[in-house]
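Residue numbers (my numbering), protein chains in the order written: chain L, 1 to 155; chain C, 1001 to 1155.
Let me begin by presenting the structure, written as structure tokens, before commenting on it.
Spelled out as structure tokens, the structure:
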């Protein structure tokens, strides 16, 4: 798999493209931790939305339970009508699929949208809005900038 | 109040200073939304911590209830032993103070630390670790970079 670095400057450029294609209103941002954290931060500031919640998942991949996703810390969405779920990348799509299934069952009257920066076409679900289709391994700035800085300092 | 822009490059430089002064272990990161989102993202990647939760607050400032803080979406911390609470700035300190008070009561056996990038010396509580003391109004990159980009495009 090709590996590429995704810097902050590209992130802002992509979010600028994302806000131009998001054509539905929403009152809540639900981020999938950890990947959706930075996206959620900037979008919540841009749209001035304070109802910003996180959800945690653990993916298992063992012989018995292939692609089992455990979801926890489900926020209370009783005051939400339209929720935008954000993540950095929709890869297999398993996580987003499982979260949507759970949330739609628990909150049948809420409309859910989803947005990501990257999307792999082999994913089992397509987010409502995404910016880049990729086959690559993405080294996001939030994963490497601080580590790289410290690698550098150690030299 | 003096106003200053806080760019991403300075943020990484400050987080690099922060990780050098954090001298206690922790197993959980609890972010105060929205300010703590980006910090939590990068620190959770750096420390490889997946137990990253968010907490929401609303601050009221009316005649009857001065500085009343409403806290909601308290995560379940039953598996946590040492929790690092992060926020961008400890200003009045009211939010951090109220959160710590609530969490220490609910989880008397958990050790709580706190970290912020900015701290005002008039705050009623000092975070365990902070980087900059300031009197200024900080325009964080996550609040302005996308808006500025779009202001620019509108010209």
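Ideal placement from N, C-alpha and C gives every residue a C-beta, glycine not left out.
For residue i, the residue or residues it bridges with in DSSP
i, result
"residue 1144 of chain C", "Answer is none; residue 1144 of chain C lacks a bridge partner."
"residue 1116 of chain C", "C/1087, C/1130"
"residue 1011 of chain C", "Looking at the DSSP assignment, residue 1011 of chain C forms no beta bridge with any residue, so it has no partner."
"residue 59 of chain L", "L/69"
"residue 941 of chain C", "Summary: the structure shown does not reach residue 941 of chain C, with chain C confined to residues 1001 through 1155, and so no result is reported for it."
"residue 1082 of chain C", "C/1111"
Residue i versus residue j: straight-line alpha-carbon distance, rounded
i, j, result
"residue 1101 of chain C", "residue 136 of chain L", "45 Å"
"residue 1012 of chain C", "residue 146 of chain L", "6 Å"
"residue 138 of chain L", "residue 94 of chain L", "18 Å"
"residue 98 of chain L", "residue 1121 of chain C", "46 Å"
"residue 90 of chain L", "residue 1007 of chain C", "28 Å"
"residue 104 of chain L", "residue 1105 of chain C", "34 Å"
"residue 1070 of chain C", "residue 92 of chain L", "38 Å"
"residue 1020 of chain C", "residue 1132 of chain C", "14 Å"
"residue 42 of chain L", "residue 1142 of chain C", "5 Å"
"residue 57 of chain L", "residue 1001 of chain C", "42 Å"
"residue 958 of chain C", "residue 1054 of chain C", "With chain C covering only 1001 through 1155, there is no way to say anything about residue 958 of chain C."
"residue 1015 of chain C", "residue 1144 of chain C", "19 Å"
"residue 51 of chain L", "residue 25 of chain L", "14 Å"
"residue 1148 of chain C", "residue 1003 of chain C", "16 Å"
"residue 1140 of chain C", "residue 1068 of chain C", "25 Å"
"residue 79 of chain L", "residue 36 of chain L", "21 Å"
Nearest neighbour of residue i, chosen from the options [CA to CA]
i, options, result
"residue 1166 of chain C", "L/77, L/75, L/149, L/47", "Look at the range of chain C in this structure, 1001 to 1155, and you will see that residue 1166 of chain C is not part of it."
"residue 117 of chain L", "L/130, L/111, L/27, L/109", "L/130"
"residue 77 of chain L", "C/1078, C/1021, C/1073", "C/1073"
"residue 112 of chain L", "L/10, L/14, L/96, L/141", "L/96"
"residue 115 of chain L", "L/37, L/127, L/148", "L/127"
"residue 1209 of chain C", "C/1025, C/1032, C/1026", "The question about residue 1209 of chain C has no answer, for chain C in this structure spans 1001 to 1155."
"residue 1085 of chain C", "C/1016, C/1148, C/1034", "C/1034"
"residue 39 of chain L", "L/23, L/18, L/110", "L/18"
Classification of residue i by the beta-carbon crowding that lies within 10 angstroms, buried from 16 upward
i, result
"residue 1045 of chain C", "buried"
"residue 59 of chain L", "exposed"
"residue 1108 of chain C", "exposed"
"residue 75 of chain L", "buried"
"residue 1082 of chain C", "exposed"
"residue 1009 of chain C", "exposed"
"residue 159 of chain L", "What is shown of chain L runs 1 to 155, which leaves residue 159 of chain L out entirely."
task: Could you name each continuous beta strand (DSSP E) segment of 3 residues or more that falls completely within the region 1020-1057 of chain C, going from the start of the chain to the end?
output: 1028-1033
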